[in-house]
Amino acid sequence: AMAVSALLAIAGSFFVDPLVRLLGATETIAPYAADYLRYLLLGMPFIASSFVLNNLLRYQGSAAYAMVGIMTGAVLNIGLDPLLIYTFDMGVGGAALATAISQAVSFAILLLQSARGGNILPSLKHFSLSPALHATILKNGSPTLLRQGLASIAAIVLNTSAGPFGDAAIAAMSIVTRVLMFGLSALLGFGQGFQPVCGFNYGAGRYDRVRRAFWCSVRSSTLVLLLLSLAGLVFAPQIIALFRADDPEVIRIGTAALRFQCLTLPLLSFTILAMMMTQTIGASAKASVLALARQGLFFVPLVLVLPHIIGVTGIQISQPISDLFSFSLSLILTIPILRDMAMHKDPGGTKPASRVKQIS
């Protein structure tokens, strides 16, 4: 992860200006985006490596160690932001540098934590060129690659579609995306807590526990997202104003977009957890389809077409419509898996029958 991300960072440093244009930056925004990207690329190897170490620790049952590393970086980032942005007068570049420094510290802590508690410490001597091993890693990781990659592509397409409606539309949709990331982060937290439980019990043939853990996670995360959605519906103008109180147009566009997205936000609990479950049990094809659906199969066509038909409203409603379609698809693909588990069958088909433990 560190080697690949370092190569990408070096390559990206030569194409900063074209990249920010590709991301949909306007003439007004482009200089700030370029300044931000240059500093962020410095921390790219640490950002990627921290993700890997975090997941390794969680799947070894050391969630507390992983949390310490991630939380330390997050708290440090919060402290460095005002220091670099205002005290050292670095502007948006300071925000990016704060992120890069924080991720480097987070990586160092996660690496140290990997040597504790009987965890596996990454080492070059464990490096393998086995095609079968790499194929398995790529197969199981493809849903996450699709989800994260399509999220980046969706952001580019969203900015491009919002561009004709002015900087206010771009700013408003960017704010809404960041606000919703708070709720999605909570959801991903439930999912990341569910995955090790799912993996351990699926490997042991305890499908009853997999089902119980899945539905418990869905219910809990749906309740959290429902509460956040209600707050978003009621306080949408105030939330958007926290970011751009001096621009009524940004508040107007952002308020409507946030309220639209809050209507379907609770549905994401089932959609995202279904994708994580199918990925964990080795049903990679279904997991990849679910990962492709929300930001790729549905969102991109909608956000490209609807603005030409109904204007800026098309941008505001594209994501909630996509979420509704994705939820429907996740039901179709996941309910049969849960039904098989209830009948003590191996829904992923990834384990020999002799290893399947019968549930009484």
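Residue numbering for the sequence shown follows this note's numbering, starting at 242 and increasing by one per position.
The beta carbon of each residue, even a glycine, is placed where N, CA and C say it ideally should be.
Query                                                                                                                           : Result
Chain-order list of residues whose beta-carbon lies under 7 Å from that of Y280 (same chain, five-residue window excluded)      : G334, A337, L338, A341
Contacts around L278, its chain only, beta-carbon distance under 8 Å, and the 5 residues preceding and following it disregarded : G253, V257, L260, V261, A337
Distance CB(S291)-CB(F348) smaller than 8 Å                                                                                     : yes
Neighbour flag for L506 against chain B, beta carbons, 8 Å                                                                      : In the structure shown, chain B does not exist; there is a single protein chain.
Range covered by the alpha helix (DSSP H) that runs through D587                                                                : D587 -> no alpha helix (DSSP H), and no H or E assigned at all.
Per-residue DSSP class, three states only, for Q301                                                                             : coil
Same chain only: Cβ atoms within 7 Å of E268, ignoring 5 sequence neighbours per side                                           : none
From N295, I311, M584, L283, residue whose alpha carbon lies closest to that of V451                                            : M584
Given 8 Å, three or more beta-carbon pairs between the region 494-506 and the region 440-460                                    : no
Closest residue to L538 among S563, L514, I492, T512 (Cα-Cα distance)                                                           : S563
Residue nearest to Q344 in terms of C-alpha spacing, selected from S355, M331, S369, V316                                       : V316
Contacts around L574, its chain only, beta-carbon distance under 8 Å, and the 5 residues preceding and following it disregarded : A515, T519, K527, V530, L531
Whole-angstrom distance between A242 and P363, CA atom to CA atom                                                               : 12 Å
Three-pair Cβ contact test at 8 Å for the region 458-478 versus the region 552-561                                              : no
T269: first and last residue of the uninterrupted alpha helix (DSSP H) it sits in                                               : That residue, T269, is in no alpha helix (DSSP H); it is neither H nor E in DSSP.
Spatial neighbours of A247 in its chain, beta-carbon cut-off 6 Å, leaving aside the 5 residues before and after                 : P286
Sequence-distant residues of its chain with Cβ nearer than 6 Å to I251 (five each side left out)                                : none
First and last residue of the uninterrupted alpha helix (DSSP H) at Q520                                                        : 509-521
Helix, strand or coil at S415 [DSSP, three-state]                                                                               : helix
Cutoff 6 Å; reference L547; Cβ partners in own chain excluding five residues on either side                                     : G555, S559
Check whether Y300 and Q354 have beta carbons under 8 Å apart                                                                   : no
Cβ-based burial, T418 [other Cβ within 10 Å; buried from 16]                                                                    : buried
Spatial distance of V398 from F540 (CA atoms)                                                                                   : 9 Å
As assigned by DSSP and simplified to three states, the class of G314                                                           : helix
Short Cβ contact (8 Å threshold) for G523 with P437                                                                             : no
Close Cβ partners of L533 (< 6 Å) along its chain, the five nearest in sequence each way excluded                               : L387
Ordered list of alpha helix (DSSP H) runs contained in the region 445-519, each at least 4 residues                             : 448-485, 489-505
CA-to-CA distance, G314 to D330, given in whole angstroms                                                                       : 22 Å
Coarse secondary structure for N400, derived from DSSP in three states                                                          : helix
Alpha carbon of G320 to alpha carbon of V346, nearest angstrom                                                                  : 13 Å
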